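A.B. asks: Residue numbering for the sequence shown follows this note's numbering, starting at 67 and increasing by one per position. From the three backbone atoms N, C-alpha and C, an ideal C-beta is built for every residue, glycine too. It should be emphasised that the depicted structure is a prediction, and the values quoted were computed from it without experimental measurement. My structure is below; once you've seen it, I'll send some questions.
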Amino acid sequence: MPNAFADEAWLLIDDFESGTLNGWVKKDTRNNTSPHLPNPQVTEVRQSRSEKNHYLIKKPAPEGIIGNRKALSFKALPTQVAVGETYTFYSRFQVEYFPNNHVFGLSNLDPKGIEENDYNAFEPSIRITDKTESNGFKNDGTLMVKKGKGYDKIHTADTSITAMPLKEGVWYQIWYVVNNASKSEGGQSYDVYVQGGEFLTQTKVYSHADFRMKREQPLTYFLMNCNTGPEKNPYGNGGILYDDLYMVEGIVLNSPISE
Numbered sequence: 067m068p069n070a071f072a073d074e075a076w077l078l079i080d081d082f083e084s085g086t087l088n089g090w091v092k093k094d095t096r097n098n099t100s101p102h103l104p105n106p107q108v109t110e111v112r113q114s115r116s117e118k119n120h121y122l123i124k125k126p127a128p129e130g131i132i133g134n135r136k137a138l139s140f141k142a143l144p145t146q147v148a149v150g151e152t153y154t155f156y157s158r159f160q161v162e163y164f165p166n167n168h169v170f171g172l173s174n175l176d177p178k179g180i181e182e183n184d185y186n187a188f189e190p191s192i193r194i195t196d197k198t199e200s201n202g203f204k205n206d207g208t209l210m211v212k213k214g215k216g217y218d219k220i221h222t223a224d225t226s227i228t229a230m231p232l233k234e235g236v237w238y239q240i241w242y243v244v245n246n247a248s249k250s251e252g253g254q255s256y257d258v259y260v261q262g263g264e265f266l267t268q269t270k271v272y273s274h275a276d277f278r279m280k281r282e283q284p285l286t287y288f289l290m291n292c293n294t295g296p297e298k299n300p301y302g303n304g305g306i307l308y309d310d311l312y313m314v315e316g317i318v319l320n321s322p323i324s325e
């Protein structure tokens, strides 16, 4: 975001204004593209036409290419979140288009562990997809968080009414407050706040979402994963735009940027 500034407490993960992917690792760990395309994921910095702002776009493969099942991108956090600590993470994101299948969040594994575990490398995770599940359930593009063995849709404030699907081409702001305390102390969970689309002001949309694996280890990496789906039943190559990735110790719900 142009003219962005960070409060002294906020730590920058990346705002992509350098125009480069410095520090990011890209790995396609289940590349089943046919004919085979080496390194098929599209993960690159672009500049918006309307303003001098750089952002990251992530897609599992170029248009028309299917079979890239695990398109991983990750970067080390500027500081680790130790067991027992609470940090707030802030991001802006935008859906390029549906259909798609994306997850982003945090990992407590090293690069080798992330590559070996892909989805199971996540702890806090945010899911964006309209894919059909193996049991026949059709997702609709509503933002989801990890709960139990599956995912749960976010909901409007103080109600159980499910939020509307994300709008394509609209920037959303998200704050996720990550409690990395042990399970016995009520940790390994995160709360989520969103502003954008139907949420005209910052709104708490989920309480006590679950870490995926609950390893009780320091959180070390920001992680993204996406998937074209299998060759016989592809999901789609719609991308997600990311910008202004920050973190701060404690529960901090102001914005680290100025528009």
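Please determine, among N119, Y256, E282 and S191, the residue with the shortest C-alpha to C-alpha distance to Y289.
C.D. replies: Taking the sequence shown and counting its residues from 1, the one referred to as residue 289 is at position 223. Correcting the residue identity first, residue 289 is Leu in this sequence and not Tyr. Per the Cα distances, S191.
A.B. asks: Is the beta carbon of T195 closer than 8 Å to that of N53?
C.D. replies: Residue 53 falls outside the range modelled here, since the chain spans only 67 to 325, and no answer is possible.
A.B. asks: DSSP three-state label for N291, please.
C.D. replies: Against the sequence shown, residue 291 aligns to sequence position 225. In this structure, N291 counts as strand in the three-state DSSP scheme.
A.B. asks: For Y163, is the classification buried or exposed, using 16 other Cβ atoms within 10 angstroms of its Cβ as the cut-off for buried?
C.D. replies: Sequence index remark: in the sequence shown, residue 163 carries index 97 (1-based). When all chains shown are included, Y163 counts as exposed.
A.B. asks: Of the choices G130, I79 and N88, whose alpha-carbon is the least far from that of P101?
C.D. replies: Taking the first residue of the sequence shown as position 1, residue 101 is located at position 35. Of the listed residues, the one whose Cα sits closest to P101 is G130.
A.B. asks: Taking the alpha-carbon positions, what's the I227 to P104 distance?
C.D. replies: Within the sequence shown, numbered from 1, the residue matching residue 227 stands at position 161. Within the sequence shown, numbered from 1, the residue matching residue 104 stands at position 38. Their Cα atoms are separated by approximately 44 Å.
A.B. asks: Going by other Cβ atoms of all chains shown within 10 Å of its Cβ, with 16 needed for buried, is V236 buried or exposed?
C.D. replies: As a working mapping, residue 236 is identified with position 170 in the sequence shown. V236 is exposed by the Cβ-count criterion.
A.B. asks: Taking the alpha-carbon positions, what's the D184 to N291 distance?
C.D. replies: To locate residue 184, count along the sequence shown from 1; it is residue 118. To locate residue 291, count along the sequence shown from 1; it is residue 225. Their backbone Cα atoms lie some 7 Å apart in a straight line.
A.B. asks: CB Y242 to CB F140, shorter than 8 Å?
C.D. replies: As a position in the sequence shown, residue 242 is number 176, starting the count at 1. As a position in the sequence shown, residue 140 is number 74, starting the count at 1. The answer is no: Cβ separation not under 8 Å.
A.B. asks: Indicate the three-state DSSP secondary structure (helix, strand or coil) for K9 in the structure shown.
C.D. replies: One cannot answer for residue 9 here, as it falls past the ends of the chain, which runs 67 to 325.
A.B. asks: Would T86 pass as a contact of I317 if the rule is Cβ separation under 8 Å?
C.D. replies: What you label residue 86 is simply residue 20 of the sequence shown in a count that begins at 1. What you label residue 317 is simply residue 251 of the sequence shown in a count that begins at 1. Their beta carbons are not under 8 Å apart, which means T86 does not touch I317 by this criterion.
A.B. asks: Flag this pair as yes or no: are the beta carbons of Y312 and I132 separated by less than 8 Å?
C.D. replies: Indexing the sequence shown from 1 puts residue 312 at position 246. Indexing the sequence shown from 1 puts residue 132 at position 66. Contact flag unset, no.
A.B. asks: Have a look at the DSSP bridge pairing and note the partners of H221.
C.D. replies: Taking the first residue of the sequence shown as 1, we reach residue 221 at position 155. Beta-bridge pairing links H221 to T228.
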